[in-house]
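I have placed the structure first, in the form of structure tokens, so that the comments after it can refer back to it.
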Amino acid sequence: SLLTEASRDHPPAFAALYLLHRIELQERMRASSGDGASSATARRMTDALNQILTRADESGERNAFSIFAEAAKAQASGQSDRTEALFTEIIDHYSTRMPEVYYNRAACRRRRRDYAGAIEDLTEAIRIDPGFGAAYTNRGSLRLLLKRPGAEFDLSRALELDPGDRSAREDAPASAHEL
12 SLLTEASRDH PPAFAALYLL HRIELQERMR ASSGDGASSA TARRMTDALN QILTRADESG
72 ERNAFSIFAE AAKAQASGQS DRTEALFTEI IDHYSTRMPE VYYNRAACRR RRRDYAGAIE
132 DLTEAIRIDP GFGAAYTNRG SLRLLLKRPG AEFDLSRALE LDPGDRSARE DAPASAHEL
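Using this note's numbering, you'd call the opening residue of the sequence shown number 12 and step up by one each time.
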């Protein structure tokens, strides 16, 4: 499976990243459809994530990858403040080219309504990886919410990168009426 391959060929944090995004997608699907099967899938992925993180913990080395693994575990268990602090630690103490660090910290900031901070993080994620469609979607949605310019561009770009992006597709018509 892809998870086995990711675990074997990459540091645990990258495998954890994969699972974290899969869990997030499953939870979004569950929330929008009320599907209990999606929740069961998310639980299985969370269990696999915990196994990967246990292996990362056993290595004992504190580096950007081990901190990322710790942040993924905190995020999966709903510890938003802890998650944000760990992603900030990676950004502050390590030279990172991982747009996912900024993307995940933006999600934490958005939850606590630090919209300006979330937009900054999403902009940095896009700077690192201009093909990161989800970052465009989230930044566009925030710009739309705050009535800031650029929402239409972001949502259009997100749809170019991923024509199936439902969130971008739903927000795009509203962005056409930007200020």
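C-beta atoms are modelled at their ideal positions from N, C-alpha and C, and glycine is treated no differently. A quick note: this is a predicted structure, and the numbers were derived from the prediction, not measured.
DSSP three-state call for residue i: helix, strand or coil?
i	result
Leu157	coil
Asn149	helix
Gln90	coil
Gly144	helix
Pro174	coil
Tyr126	helix
Between which two residues does the alpha helix (DSSP H) containing residue i stretch?
i	result
Arg116	Pro110 to Arg122
For residue i, which option in the options has the closest C-alpha, if you only look at C-alpha atoms?
i	options	result
Pro174	Thr148, Phe98, Ser152 and Ala82	Thr148
Asp182	Leu155, Asn115 and Phe76	Leu155
Phe98	Phe79, Gly151 and Ala129	Phe79
Ile102	Ala117, Gly89 and Gln90	Ala117
Asp92	Phe76, Ser77, Glu111 and Arg121	Arg121
Leu153	Tyr126, Arg168, Pro110 and Ala83	Tyr126
Arg168	Ala146, Leu157 and Lys158	Ala146
Ala85	Asn115, Ala179 and Leu133	Asn115
Leu133	Ala75, Val112 and Lys158	Val112
Open item on the list: Counting beta carbon pairs with one atom in the stretch 136-144 and one in the stretch 155-164, are three or more of them shorter than 8 Å?
Closed with: Touching, no.
Open item on the list: Using 8 Å as the cut-off, can you tell me whether the stretch 142-155 makes contact with the stretch 98-109, which would need three or more C-beta pairs spanning the two stretches below that distance?
Closed with: no
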